[in-house]
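Under numbering that gives the first Met the number 0, think of the first position of the sequence shown as 0, with each following residue one higher. C-beta atoms are modelled at their ideal positions from N, C-alpha and C, and glycine is treated no differently. This structure is a prediction, so every number in the text was calculated from the model and none was measured. Below is one structure, written out as structure tokens, with a few remarks after it.
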Amino acid sequence: MELGLYTFADLDPISATREISPHQRMRNLIEEIELADQVGLDVFGLGEHHRPDYISSTPAVALAAAAERTKRIKLTSAVTVLSSDDPVRVFQQFATLDLISGGRAEIMAGRGSFIESFPLFGYDLDDYDELFSEKLDLLLKLRDEERITWSGRLRPPIRDRGVYPRPYQEKLPIWLAVGGTPNSVARAGVLGLPLALAIIGGEPRRFAPLFELYRRAAAKAGRDPDKLPTSLNVHGFVGETTEQAADDFYKPQAEVMNRIGRERGWGPTNRAHYDQSRGPHGALFVGDPEVVAEKIVAMHKLFRNDRFLIQMAIGLVPHAKLMKAIELFGTKVAPLVRKATAAS
0 MELGLYTFAD LDPISATREI SPHQRMRNLI EEIELADQVG LDVFGLGEHH
50 RPDYISSTPA VALAAAAERT KRIKLTSAVT VLSSDDPVRV FQQFATLDLI
100 SGGRAEIMAG RGSFIESFPL FGYDLDDYDE LFSEKLDLLL KLRDEERITW
150 SGRLRPPIRD RGVYPRPYQE KLPIWLAVGG TPNSVARAGV LGLPLALAII
200 GGEPRRFAPL FELYRRAAAK AGRDPDKLPT SLNVHGFVGE TTEQAADDFY
250 KPQAEVMNRI GRERGWGPTN RAHYDQSRGP HGALFVGDPE VVAEKIVAMH
300 KLFRNDRFLI QMAIGLVPHA KLMKAIELFG TKVAPLVRKA TAAS
């Protein structure tokens, strides 16, 4: 099973004078990716946002900088908001990243749970679903064909045009990221796309039927489900002790969840809810290396997932503590998980 990290590269959205400048946050991000590579992690993902609380509006650019500082780790968006972007430019950017990195680029495409990019780029939210379906169709055609002819309702047609550069890999890996919508899960199976499922709340076991739906949809479409990779994307943090990890992660994680919750009408979180969520049946993977590894292995037995990505850089986690957590995840958690899942 592949193990890795993802982040949105958070900034402080409240303070008039930020604790960390955008310049320093970007430098920290590159250091985090470099360390993840050095400690043997398999994947690093960077999300796309267009808000003051995140610095990652163009993941491919930051990942290209990281490509020059890393050797082995795969570099992916997490996610690309495909609905409000141009698939041609997305393909070109990640094909370029693939060339720079020597074949380590991936795209994780999603509809976008944050909608700030739609008015920014002139898209109508009434077209939310159709935009994604149409643009995903074009992106997959770009992946498969060097010269394409394509037409849709929401984008000008393309008539016998080549799209360059082509990636280093024969085909640029494209994952479909979902947040739990059954139709999106089934679509990934029908299209034969790897599935990345984000679980940031509730009980993870309740999401297990979605993976079965995905595999059934793939089989019904004539695809081999055993050849389609799946990923769990979660929140969590690793510390020397479970108590320290829990204390270090609570404040930044709660601040982010409450801030976003106010925008979306969620109820506020608190320490009791947080502690319950980091228990054996909750969605948070917080603790010492043994605790986190044990929970990852338990989820693997339930989901049979091929990849596990954890978001530890949430809110204003201090850079030094984050670097230590990355080190522990790569040097302590990963070996335990790989040993336990080697035969599966």
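Nonlocal neighbours in the same chain, by C-beta distance under 7 Å from residue i, ignoring five residues either side
i	result
Arg24	Ala8, Leu10 and Ile54
Val290	Thr241
Glu115	His49 and Arg50
Leu2	Leu40, Asp41, Phe307, Ala333 and Val336
Phe120	Ser83
Gln168	Asp97 and Gly102
Gly161	Glu145 and Arg146
Phe131	Leu81, Ser82 and Arg110
Ala319	none
Cβ-Cβ distance between residue i and residue j below 8 Å
i	j	result
Met0	Asn232	no
Ile313	Val255	yes
Met322	Leu62	no
Gly235	Ala216	no
Ser76	Gly44	yes
Val237	Ala324	yes
Leu153	Pro86	no
Leu365	Gly109	The structure shown has nothing for residue 365, since the chain only spans 0 to 343.
Val38	Glu239	no
Leu315	Glu30	no
Pro203	Ala282	yes
Assigned secondary structure, residue i (DSSP; H/G/I helix, E/B strand, else coil)
i	result
Val233	strand
Ala197	strand
Tyr122	coil
Leu139	helix
Phe169	Looking at the sequence provided, one finds Glu at residue 169 rather than Phe. Correct three-state label for Glu169: coil.
Arg306	strand
Glu242	helix
Phe7	coil
Glu31	helix
Leu2	strand
Environment of residue i [buried if 16+ CB atoms lie within 10 Å]
i	result
Arg306	buried
Thr180	exposed
Phe93	buried
Ser20	exposed
Thr148	exposed
Leu137	buried
Glu133	buried
Asp247	buried
Gln252	buried
Tyr249	buried
Arg186	buried
Residues of its chain near residue i, where Cβ-Cβ distance is below 6 Å and the 5 sequence neighbours each way are ignored
i	result
Ala197	Gly178 and Asn232
Arg222	Gly191
Residue(s) in a DSSP beta bridge with residue i
i	result
Trp174	Met107
Val285	Phe236
Trp149	Ile157
Val79	Reading the sequence as shown, one finds Thr at residue 79 and not Val. Paired residues: Ala108.
Tyr53	Asp9
Lys73	Val42
Cut-off 8 Å between Cβ atoms - residues of its own chain near residue i, not counting five sequence neighbours on either side
i	result
Thr229	Pro193, Leu194, Ala195, Leu196, Phe210, Tyr213, Phe302, Arg303, Asn304, Asp305 and Arg306
Gly260	Gly266, Pro267 and Thr268
Lys338	none
Ile72	Gly3, Ile32, Ala35, Asp36, Leu40, Asp41, Val42, Phe43 and Arg103
Asp159	Arg146, Ile147 and Thr148
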